[in-house]
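Enquirer: Residues 1 to 443 in this note's numbering are what the sequence shown spells out, letter by letter.
The beta-carbon is built from N, C-alpha and C at its ideal position, and this holds for glycine as well.
The following block contains the structure, expressed as structure tokens.
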Amino acid sequence: MTSTDTPRAAQGKLGILLPGLGAVATTMIAGAVAARKGLAKPVGSLTQMGHIRLGKRTEGRYPLIKDLAPLAGLDDLVFGGWDIYADNVYQAALNAGVLEPRLLEQVRPELERVKPMTAVFDKSYVRNLDGTHVKQGATKADLAEQLMADIRRFQQENGCDRLVMVWCGSTERYIEPGDVHASLEAFELGLLTNDPLIAPSMLYAYAAIKCGVPFANGAPNLTCDVPALIELAQERGVPIAGKDFKTGQTLMKTILAPGLEARALGIKGWFSTNILGNRDGLVLDDPENFRTKEVSKLSVLEQVLKPELRPDLYGDLYHKVRINYYPPHGDNKESWDNIDIFGWMGYPMQIKVNFLCRDSILAAPIVLDLALFLDLAQRADMSGIQEWLSFYFKSPQTAEGLPPEHDLFKQLIKLQNTLRHMMGEDLITHLGLDYYQDLVDAL
Ligand SMILES: NC(=O)c1ccc[n+]([C@@H]2O[C@H](COP(=O)([O-])OP(=O)(O)OC[C@H]3O[C@@H](n4cnc5c(N)ncnc54)[C@H](O)[C@@H]3O)[C@@H](O)[C@H]2O)c1
């Protein structure tokens, strides 16, 4: 990731393109429009409600982040996207059942206007869905071209100055990076020869980056986390980020685990189970798709606790993650965590967390923030992997060989310092010795 300049001003309209207009995407769009009309507050969004400290604690400077950095305003956003179903965003939001019909009715005209473009879909990647609103093409190269044509048409028809894309589509089946992902040349050959390891989400990422559109991946699929697309992003000067929105149980995990580790408390076992009944839950009911999610969720504890460095505290940790599809709960996921910890002299203790969360309510502000921050990054000439946005991801994408940072608070410091750096403000180290030196000097 490179930064050369303070960001250019956010002039004109920003188009937010979302492959996958399901629960998360429609909740974000409806919420952004409702917030624009003053009907509800965009709670959970740093770009809308977050503050940032500047300078010394004694200076009392805590502006809103949006007053520090030139972010696109809610009034300047235009929404679009693709889905394998033809429902407009109003219908899709009603079906998703996250927001109340009463709220949706108040933003109905704006939502009805957003109609999905036909999707690039491959059932072998998501066996539990059957879509009809899909593109046909002889090769994957041809399908990618069709997506690029969609992007250009959308930009022109909506008079957008800039675009960003955030993948909100279903979780695809698990694949490992292969030869076809190893370089841009191999990838482009694979597009022409219909290589089965090029997933639909990769075609969206490829099309976006080719068009100079920043791209973030909200699902655990590889998508842009392969050398070929990183190379393309660097070549085109486009910021990218991923993967898998950090909501619900993993959010709690990356709040709790760093706290326990910070106090050198041991952990013997962490059993996490969830029930959820939305379409995401249905897709994850397929073991191949669950595997993608499992890999993303499991890595978190190892990275935070580093058992190899602290075998006495975490060497025997048993970590299990389960997701169960349970239709009656809809989007209202319920998760249980049983954490077996131990303290002084090895004495055992237990923590139980029962989180009755609303998945899409937690994910929607992340989509908005990622879109606005990626747009900001592009205007600051930052390109390639944007590790400062790890804060939003379960499985943060980093440069090859660089271990990701999972601790939510370290991620926040990184995000805030990046904003300070961009805006020419002093970085904050939290050392704080200077306050005490000042007192001594004053004597
Ligand atoms: N809700 C959360 O808290 C959360 C957290 C982390 C990650 N995610 C991920 O975000 C994604 C969206 O979650 P959701 O709850 O909105 O799911 P959802 O099932 O409601 O929406 C996904 C949408 O993507 C569409 N889709 C599938 N393949 C597509 C393709 N190739 N092109 C275009 N559209 C396609 C589906 O038809 C569906 O409408 C999922 O991958 C999920 O795993 C969600």
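1) Comparing the CB of tyrosine 85 with every heavy atom of ligand 1, is any distance shorter than 8 Å?
2) Considering only the alpha carbon of each residue, which of Val353, Lys140 and Glu59 lies closest to methionine 202?
3) Checking the sheet assignment: what are the DSSP bridge partners for phenylalanine 342?
4) Within 10 angstroms of the Cβ of tryptophan 167, are there 16 or more other Cβ atoms? Answer buried if so, exposed if not.
5) Please report the Cβ distance between tyrosine 174 and threonine 26, rounded to the nearest whole angstrom; I am assuming they are in contact, meaning their Cβ atoms lie under 8 Å.
6) Would you check if there are 3 or more beta carbon pairs closer than 8 Å linking the region 77-89 to the region 112-127?
7) Give the C-beta separation of alanine 186 and alanine 228 to the nearest angstrom, bearing in mind that I take them to be a contact with Cβ-Cβ under 8 Å.
8) Have a look at tryptophan 270 and glycine 242 and give me their C-alpha separation to the nearest angstrom.
9) In angstroms, rounded to a whole number, what distance separates the CA positions of glycine 450 and leucine 256?
10) Looking only at its chain, what residues have a beta carbon closer than 7 Å to the beta carbon of alanine 207, apart from the 5 residues adjacent to it on each side?
11) Determine the direct distance from the alpha carbon of alanine 442 to that of alanine 399, and round the result to whole angstroms.
12) Does at least one heavy atom of ligand 1 sit under 8 Å from the Cβ of glycine 218?
13) State yes or no: is the C-beta of proline 101 within less than 9 Å of the C-beta of leucine 111?
14) Alpha carbon to alpha carbon, how far is tyrosine 62 from histidine 181? Give it in angstroms, no decimals.
15) Would you decide whether glutamate 235 is buried or exposed? Buried here means 16 or more other CB atoms lie within 10 Å of its CB.
16) Excluding sequence positions up to five away, which residues of its chain have a Cβ less than 7 Å from the Cβ of glycine 137?
17) Sorry if obvious, but does the Cβ on serine 201 come closer than 8 Å to a heavy atom of ligand 1?
18) Tell me which residues share the same chain as lysine 414 and place their Cβ nearer than 8 Å to its Cβ, disregarding the 5 neighbours each side in the sequence.
19) By a C-beta neighbour count over all protein chains shown, 10 Å radius and 16 as the cutoff for buried, is glutamine 378 buried or exposed?
20) What do you get for glutamate 172, buried or exposed, if any count of 16 or more other CB atoms within 10 angstroms of its CB means buried?
21) Starting from aspartate 87, follow its DSSP beta bridges and name the residues at the other end.
22) Please confirm whether arginine 420 and leucine 54 have their CB atoms less than 9 Å apart.
23) What does the alpha-carbon distance come out to for the pair leucine 189 and serine 183?
24) Once DSSP output is grouped into helix, strand and coil, what is the label at proline 227?
25) So what's serine 383 in DSSP terms, helix, strand or just coil?
26) Drop a sphere of 10 angstroms on the beta-carbon of serine 170, count the other beta-carbons inside from all chains shown, and report buried for 16 or more, exposed for fewer.
27) Along the chain, which unbroken stretches of the beta strand (DSSP E) at least 3 residues long are found entirely within the region 93-160?
28) Indicate whether leucine 17 and leucine 163 have their beta-carbon atoms separated by less than 9 Å.
29) By DSSP, does valine 213 sit in helix, in strand, or in coil?
30) Would you say the beta carbon of phenylalanine 121 is closer than 8 Å to some non-hydrogen atom of ligand 1?
31) Per the DSSP calculation, tyrosine 325 is bridged to which residue(s)?
32) For methionine 444, which three-state DSSP category applies?
33) Identify the residues that DSSP records as bridge partners of glutamate 366: which are they?
34) Taking the beta strand (DSSP E) that isoleucine 16 falls in, what are its first and last residues?
35) Would the beta-carbon of arginine 279 be found less than 8 Å away from any heavy atom of ligand 3?
36) Using alpha carbons as the reference points, say which of Pro348, Ser335 and His319 lies closest to glycine 266.
Expert: Inspection of the coordinates gives the following:
1) At least one heavy atom of ligand 1 is nearer than 8 Å to the Cβ of tyrosine 85, so yes.
2) Lys140
3) As computed with DSSP, phenylalanine 342 is found in a beta bridge with Gly266 and Pro348.
4) buried
5) The pair is not a contact, with the Cβ atoms about 26 Å apart (cut-off 8 Å).
6) yes
7) 7 Å
8) 25 Å
9) This structure leaves residue 450 out entirely; the chain is present only between 1 and 443.
10) Ala144, Leu147, Met148 and Ile151
11) 47 Å
12) yes
13) no
14) The straight-line gap from Cα to Cα measures roughly 44 Å.
15) exposed
16) Leu143 and Gln146
17) yes
18) Glu387, Trp388, Ser390, Phe391 and Glu405
19) buried
20) buried
21) Bridge partners of aspartate 87: none, in fact.
22) Their beta carbons are under 9 Å apart, which means arginine 420 touches leucine 54 by this criterion.
23) 10 Å
24) helix
25) DSSP places serine 383 in the coil class of the three-state scheme, outside both helix and strand.
26) Per the 10 Å Cβ criterion, buried.
27) Given a length threshold of 3 residues, the region 93-160 has no whole run of the beta strand (DSSP E) inside it.
28) yes
29) For valine 213, the secondary structure class from DSSP, reduced to helix, strand or coil, is coil.
30) At least one heavy atom of ligand 1 sits closer than 8 Å to the Cβ of phenylalanine 121.
31) Leu276
32) Missing from the structure shown is residue 444; the chain here goes from 1 to 443 and no further.
33) In the sequence as presented, glutamate is not what sits at residue 366; that position holds isoleucine. None; isoleucine 366 has no bridge partner.
34) 13-19
35) No copy of ligand 3 appears in this structure; the ligands present are ligand 1.
36) Pro348
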